[in-house]
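Residue numbers (our numbering): 317 to 475.
Written out below as structure tokens is the structure these notes cover.
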């Protein structure tokens with residue numbers, strides 16, 4: 317299983333900017349708040365100190381997540397081969413009795429969109445990846461139910 321994630325150049329740049337901010341001024345601000353709370357004395361009952369430490373931990377997690385995502389990103393244009401579903405495509409599919417449209421890729425790509433996003437490593441994403449328009453495949457939901465999905469259209473994500 318690959319950890320490669322397809323990203324538009326815009327999404328990559330936005331995430332790289334967020335990472336730079338978190339590693340620089342963002343983390344520096346949290347460290348200043350921790351130091352200020354430490355100066356207040358008794359840390360056992362210092363809510364500001366504990367809140368800042370918790371925020372520091374969350375920020376460190378986001379930094380690690382962004383680093384891994386950006387290091388393993390495949391940046392570029394959406395796929396031009398429309399014959400099969402690939403990451404970076406908006407897929408229209410009949411799932412059970414409902415027609416749905418979603419992006420196969422990363423939530424980070426569609427951060428400013430209300431489009432549903434499925435990773436190619438998710439059950440439905442793995443089922444449609446490589447499928448041709450008109451092809452029906454099955455997958456297991458996280459609850460263990462077998463579902464069918466028929467790809468009815470696929471087009472590059474335009475942002």
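We treat Cβ as the ideally placed atom computed from N, Cα and C, and that holds for glycine.
Between the options, which has its C-alpha nearest residue i's C-alpha?
i, options, result
"residue 376", "399, 360, 429, 338", "338"
"residue 461", "411, 474, 333, 329", "411"
"residue 370", "435, 349, 340, 453", "349"
"residue 420", "408, 430, 435", "435"
"residue 457", "448, 466, 443", "443"
"residue 386", "437, 429, 332", "332"
Taking 8 Å as the threshold (C-beta atoms), are residue j and residue i in contact?
i, j, result
"residue 403", "residue 322", "yes"
"residue 470", "residue 405", "yes"
"residue 335", "residue 382", "yes"
"residue 466", "residue 414", "no"
"residue 407", "residue 372", "no"
Can you name the residues that DSSP bridges to residue i?
i, result
"residue 401", "BP columns for residue 401 are empty, so no partner."
"residue 471", "406"
"residue 416", "409"
"residue 389", "321"
My understanding is that residue i touches residue j, with C-beta atoms under 8 Å, so please give their C-beta distance in whole angstroms.
i, j, result
"residue 452", "residue 468", "Actually they are not in contact, since the Cβ atoms of residue 452 and residue 468 sit about 10 Å apart, beyond 8 Å."
"residue 364", "residue 400", "With 8 Å as the limit, residue 364 and residue 400 do not qualify as a contact, their Cβ atoms being about 54 Å apart."
"residue 423", "residue 433", "5 Å"
Using a 10 Å radius around the Cβ and a threshold of 16 neighbouring Cβ atoms, would you call residue i buried or exposed?
i, result
"residue 324", "buried"
"residue 329", "exposed"
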